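Visitor: Pasting a structure below so you can have a look.
Chains as they are written, first to last, in our numbering: chain A, -5 to 365; chain B, 8 to 544.
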């Protein structure tokens, strides 16, 4: 053996990072991706602790205020100078000609805001809590985004709706990832007749016109079923039409991995198919699957909102962003209470956040980039 | 000496990466005059290509060039030039030939159009005139039948022909300086010789300055006037080629010069029994073609009726150009590929009809080392997992502690440190990865190892170390090798017997020394010439 000092390939000293450590470093340097990441974390936090963050239970009705507009948080006292944050109560006025009720802020009724106030009970993992993140000190209602036709707090409903929408998104994403991976990997790895059959099925699924099929499938759901049953069946329908993309993409990737020399050396040491798939194929497609999943979530969110808006998706009394938008279907209610459109803002924010996160992840996981 | 055409001074290039700044080039200076060839030698990662790209200002986006870097070309400081100004120089006064002729030509345009485009960009003329000039260029680079070639697509040409097109493209505007970045590394040895002599002849007729970037010292010795040896982004030695080769000063240069594969295999025991035997092997690939309604299929015969025998302790070399069927034959012998006909006998047991499951008990005894150490190690596993896999699968070692010891032992055998176990393959260089691949095979304690060009993806000085390692291991464990290669220099140092293959047929077979000294066919003669006297006279 030659002198070691002359061996040009000594192991380089210094940091040695695993793949995932490298990914994390690259991701942290991507500012847009990090913003998306924190957005996603915030949305997931809201969906898990919706009961705490929302001031009221989504079904709590404020009978005195129906279609009341958003209340602005004020920090300037009327007599001048900063003060404790507060909102003003509303004074109802009826137009004597049209009988239209308008709300005018009443400077004499002041509700002070406070953090961690007691309010409606909410449950988390079966434990009951009464503390809410924000509320009024005097126990009166405050509606940051106004109320709907039944006097329910739009802000609270929107936050609670995050739960159902995200649950739907994660459920559909998870299930279609699982099916897509299973089908795609086995189709690509085993090839031959199985591949031929599976890929024709994939094409069959992909050739359906999406929207009419969703409507048709939803139409056969039993009308009188529990909302939960409908929710699960609705998720199943979405999964049914979503796994095909991933399986097609993975098949191609697996075919290229299958011919890599490390797979052939695994065959040469006598490894079984199952082991090769588990230890060599799937880990090397994982980055693709993860990125696909983060792109899938916003799509499912959009689709859920859209179908629920049409009234064929999630059913009341379940609260999702889509069902909330369902209330502003007609022009009158839109004109009278534009604040009912607030869930649109949440949809846009969450879609942007998840897309930004997905973009960042894709860049960070690119094995060929080193910058 | 005349005024140098190109003078690079104090080139510094840094790359910003996720793991921090990488100093790729640290203060490199060299110069080259008209009509002169400067060879830049160094192993991969020594910064030789990066320096050349800095001259062309074609660096990647995350690169930054140092403030003191000065590149003077024909009296002008081009390091300060704007992108638009550089574009007028690139491909016109300075051209570059890249390593990979397969990817440097655009597959969807005819080669004639691609070369004509370069001409038209720099010199306004009609397409017709440009194409006429292309034909002229193709004639100059000795492409057979140049008029017809103009209308061909890159995939219709061989690697050597594509590299000739690249050279024609580089010469299109009569550059003053030609930078050739490993122009022959991706080519077969016999083609390499032709391309190099072509470059040499063209340089003379055009009076160009040439910077030849290479890691192959034989090429340097035969083609260059001056040489610069680089290592870790710095120049460690410079001088005229004759001087450096006759009297190397820096220990690294000495090490490089001493790294030609040397020595001969130990003599073979004449009474050795056969361990791996194949008779009348035939492998054909069925290619479907024809139109939709008249499907035809043709058998492409990759291996045509070949018989061979490897005896215990023997190293059998299989030599041939790419496409000669040598790898196909090897893979079929270890049952990673199915043969159409023929028998294979391992240690007296017929194995050609065994299923994959039935082969499993034999797998630890028959191992393989692949050509490309970058794709043969799973990037998501640490070294311990990679080497351990064969042990787990074959139930060797009772528990994980025992297996870990076996892994450590295998690493020791290939002279890798024990702490390599916890690292990922991407942290190692090519030579080290190939050692790991050998360790994976060795851990199973095999009798027979198929070595599929294990050194051809490696730098020359590392090749020699791997050859030495293989030779030591063979003696220590009484292994038998089947060694597939296109490089007769390596074969000479390692193999007892050799089989020369061409287009699926055996052209010549016999003891290595005999075949190399008295080649019977012109094909073998060409391979020998290419390996031992690079530039054909």
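Built from N, CA and C at the ideal position, the CB exists for glycine as well.
Quick caveat, the model's predicted, so the values are computed rather than measured.
Counting contacts by CB-CB distance shorter than 7 angstroms, is residue 282 of chain A in contact with chain B?
Guide: Residue mapping note: residue 282 of chain A aligns to position 288 of the first chain, counting from 1. By this cut-off, residue 282 of chain A is not an interface position.
Visitor: So, with DSSP's three-state summary, where would you put residue 320 of chain A?
Guide: For the purposes of this step, residue 320 of chain A is taken as residue 326 along the first chain, with counting starting at 1. Looking at residue 320 of chain A - three-state DSSP - the assignment turns out to be helix.
Visitor: In its own chain, which residues sit with a C-beta less than 8 angstroms from the C-beta of residue 496 of chain B, not counting the 5 before and 5 after it?
Guide: Indexing the second chain from 1 puts residue 496 of chain B at position 489. Cβ within range, chain order: 267, 268, 538, 539.
Visitor: Tell me which same chain residues have a C-beta within less than 8 angstroms of the C-beta of residue 49 of chain B, skipping the five on either side of it?
Guide: Here residue 49 of chain B corresponds to residue number 42 of the second chain, with the count starting at 1. Contacts found: 55, 222, 236, 237, 238.
Visitor: Which runs of the beta strand (DSSP E), 3 residues or longer, sit entirely within the stretch 16 to 87 of chain A?
Guide: The stretch 16 to 87 of chain A contains these whole beta strand (DSSP E) runs: 68 to 70.
Visitor: By the 9 angstroms beta-carbon criterion, what residues does the stretch 272 to 300 of chain A contribute toward chain B?
Guide: So the list reads 273, 274, 277, 278, 280, given in the order they occur along the chain.
Visitor: Can you have a look at residue 147 of chain A and say buried or exposed, based on whether 16 or more other CB atoms are within 10 angstroms of its CB?
Guide: To locate residue 147 of chain A, count along the first chain from 1; it is residue 153. So residue 147 of chain A counts as buried.
Visitor: Of the residues that make up the stretch 239 to 268 of chain A, which ones have a beta carbon closer than 7 angstroms to any beta carbon in chain B?
Guide: Going along the stretch 239 to 268 of chain A in chain order, one finds 254, 255, 256, 258, 259, 260, 261, 262, 263, 264, 265 with a Cβ nearer than 7 angstroms to chain B.
Visitor: Is the distance from the Cβ of residue 140 of chain A to the Cβ of residue 62 of chain A below 7 angstroms?
Guide: Sequence index remark: in the first chain, residue 140 of chain A carries index 146 (1-based). Sequence index remark: in the first chain, residue 62 of chain A carries index 68 (1-based). Yes. Within cutoff.
Visitor: Residue 180 of chain A: which of A/247, A/17, A/71, A/345 sits nearest, CA to CA?
Guide: Within the first chain, residue 180 of chain A is the residue found at index 186, counting from 1. Considering only alpha carbons, the answer is A/247.
Visitor: How would you list, in chain order, the residues of chain B whose beta-carbon sits under 9 angstroms from the beta-carbon of residue 13 of chain A?
Guide: The residue you call residue 13 of chain A lines up with position 19 of the first chain. Result: 386, 387, 431, 433.
Visitor: Keeping to the same chain, check which residues put their C-beta closer than 6 angstroms to that of residue 152 of chain B; ignore five residues upstream and five downstream.
Guide: To locate residue 152 of chain B, count along the second chain from 1; it is residue 145. For residue 152 of chain B, where only same-chain residues beyond five positions count, there are no Cβ hits under 6 angstroms.
Visitor: If contact is defined by three or more beta carbon pairs under 8 angstroms, each pair taking one atom from either stretch, is the stretch 392 to 404 of chain B in contact with the stretch 446 to 455 of chain B?
Guide: At 8 angstroms Cβ cutoff, the stretches touch.
Visitor: Pair every Cβ in the stretch 45 to 59 of chain A with every Cβ in the stretch 143 to 162 of chain A, then say whether three or more of these pairs are closer than 8 angstroms.
Guide: Contact holds: three or more Cβ-Cβ distances are below 8 angstroms.
Visitor: Quick one, are the C-beta atoms of residue 322 of chain A and residue 334 of chain A less than 7 angstroms apart?
Guide: What you label residue 322 of chain A is simply residue 328 of the first chain in a count that begins at 1. What you label residue 334 of chain A is simply residue 340 of the first chain in a count that begins at 1. Cβ distance < 7 angstroms, so residue 322 of chain A and residue 334 of chain A count as in contact.
Visitor: Are the stretch 58 to 72 of chain B and the stretch 202 to 216 of chain B touching by the rule of at least three beta carbon pairs closer than 8 angstroms?
Guide: No, the stretch 58 to 72 of chain B is not in contact with the stretch 202 to 216 of chain B.
Visitor: Expressed to the nearest angstrom, what Euclidean distance is found between the alpha-carbon atoms of residue 345 of chain A and residue 337 of chain A?
Guide: Mapped onto the first chain, residue 345 of chain A falls at position 351. Mapped onto the first chain, residue 337 of chain A falls at position 343. When rounded, the distance between both Cα atoms is 12 angstroms.
Visitor: Can you find at least 3 beta carbon pairs, one from the stretch 378 to 394 of chain B and one from the stretch 357 to 368 of chain B, that sit closer than 8 angstroms?
Guide: Contact between the stretch 378 to 394 of chain B and the stretch 357 to 368 of chain B is absent, because fewer than three Cβ pairs lie under 8 angstroms.
Visitor: Just the Cα atoms here: how many angstroms apart are residue 90 of chain A and residue 39 of chain A?
Guide: In the first chain, counting from the first residue as 1, residue 90 of chain A sits at position 96. In the first chain, counting from the first residue as 1, residue 39 of chain A sits at position 45. One C-alpha to the other measures close to 47 angstroms.
Visitor: Please list the partners that residue 7 of chain B has in chain A, where partner means a Cβ-to-Cβ separation under 7 angstroms.
Guide: The question about residue 7 of chain B has no answer here: the residues shown for chain B are numbered 8 through 544.
Visitor: Pull up the distance between the alpha-carbon of residue 524 of chain B and that of residue 325 of chain B, whole angstroms please.
Guide: In the second chain, counting from the first residue as 1, residue 524 of chain B sits at position 517. In the second chain, counting from the first residue as 1, residue 325 of chain B sits at position 318. So the two alpha carbons sit approximately 17 angstroms from each other.
Visitor: Can you give the beta carbon distance from residue 322 of chain B to residue 488 of chain B, rounded, assuming they're within the 8 angstroms contact cut?
Guide: Within the second chain, numbered from 1, the residue matching residue 322 of chain B stands at position 315. Within the second chain, numbered from 1, the residue matching residue 488 of chain B stands at position 481. Indeed they touch by this definition, with Cβ atoms about 4 angstroms apart.
Visitor: Applying the criterion that 16 or more other CB atoms from any shown protein chain within 10 Å of the CB defines a buried residue, is residue 348 of chain A buried or exposed?
Guide: Residue 348 of chain A sits at position 354 when you count from the first residue of the first chain. Classification of residue 348 of chain A: buried, given that the 10 Å Cβ count is 16 or more.
Visitor: Does the CB of residue 254 of chain B have a neighbour CB from chain A at under 7 angstroms?
Guide: The residue you call residue 254 of chain B lines up with position 247 of the second chain. Cβ-Cβ to chain A under 7 angstroms: no for residue 254 of chain B.
Visitor: Cβ closer than 9 angstroms: which chain A residues qualify as neighbours of residue 383 of chain B?
Guide: Your numbering for residue 383 of chain B matches position 376 in the second chain. Per Cβ cutoff of 9 angstroms: 254, 255, 256, 258, 259.
Visitor: Residue 229 of chain A and residue 165 of chain A look like a contact to me (Cβ under 8 angstroms); what is the Cβ gap, rounded to whole Å?
Guide: Looking up residue 229 of chain A in the first chain gives position 235. Looking up residue 165 of chain A in the first chain gives position 171. With a Cβ gap of about 5 angstroms, residue 229 of chain A and residue 165 of chain A count as contacting.
Visitor: First and last residue of the alpha helix (DSSP H) that includes residue 523 of chain B?
Guide: For the purposes of this step, residue 523 of chain B is taken as the residue at position 516 of the second chain. 519 to 524 is the extent of the alpha helix (DSSP H) around residue 523 of chain B.
Visitor: Alpha carbon to alpha carbon, how far is residue 308 of chain B from residue 330 of chain B?
Guide: Here residue 308 of chain B refers to the residue found at position 301 of the second chain. Here residue 330 of chain B refers to the residue found at position 323 of the second chain. Approximately 11 angstroms, taken between the alpha carbons.
Visitor: Alpha carbons only, please: which of A/135, A/13, A/237, A/34 is nearest the one belonging to residue 59 of chain A?
Guide: Position 65 of the first chain, counted from the first residue, corresponds to residue 59 of chain A. When each option's Cα is compared against that of residue 59 of chain A, the closest is A/135.
Visitor: Give me, in chain order, the residues of the same chain whose beta-carbon lies closer than 6 angstroms to that of residue 534 of chain B; leave out the 5 immediate sequence neighbours on both sides.
Guide: Indexing the second chain from 1 puts residue 534 of chain B at position 527. If we look at residue 534 of chain B and ignore the five residues flanking it on each side, its Cβ neighbours are 495.
Visitor: Could you check what DSSP says for residue 358 of chain B in three-state terms: helix, strand or coil?
Guide: The residue given as residue 358 of chain B occupies position 351 in the second chain. Here residue 358 of chain B sits in coil by DSSP.
Visitor: If I'm right that residue 115 of chain A touches residue 314 of chain A with Cβ under 8 angstroms, what's the distance once you round it to whole angstroms?
Guide: By one-based count along the first chain, residue 115 of chain A stands at place 121. By one-based count along the first chain, residue 314 of chain A stands at place 320. Going by Cβ atoms, the distance from residue 115 of chain A to residue 314 of chain A rounds to 22 angstroms, so no, they are not a contact pair.
Visitor: What is the DSSP secondary structure of residue 551 of chain B, reduced to helix, strand or coil?
Guide: Any question about residue 551 of chain B goes unanswered here, given that chain B covers just 8 to 544.
Visitor: In chain A, what lies closer than 8 angstroms to residue 343 of chain B by C-beta?
Guide: For the purposes of this step, residue 343 of chain B is taken as the residue at position 336 of the second chain. Going along chain A in sequence order, the residues near residue 343 of chain B (Cβ under 8 angstroms) are 258, 261, 262.
Visitor: Please identify the residue among B/195, B/318, B/246 whose C-alpha is closest to the C-alpha of residue 46 of chain B.
Guide: For the purposes of this step, residue 46 of chain B is identified with residue 39 of the second chain, where counting begins at 1. Comparing Cα-Cα distances from residue 46 of chain B to each of B/195, B/318, B/246, the minimum goes to B/246.
Visitor: Please name the residue or residues paired with residue 531 of chain B in a DSSP beta bridge.
Guide: Within the second chain, numbered from 1, the residue matching residue 531 of chain B stands at position 524. Bridge partners of residue 531 of chain B: none, in fact.
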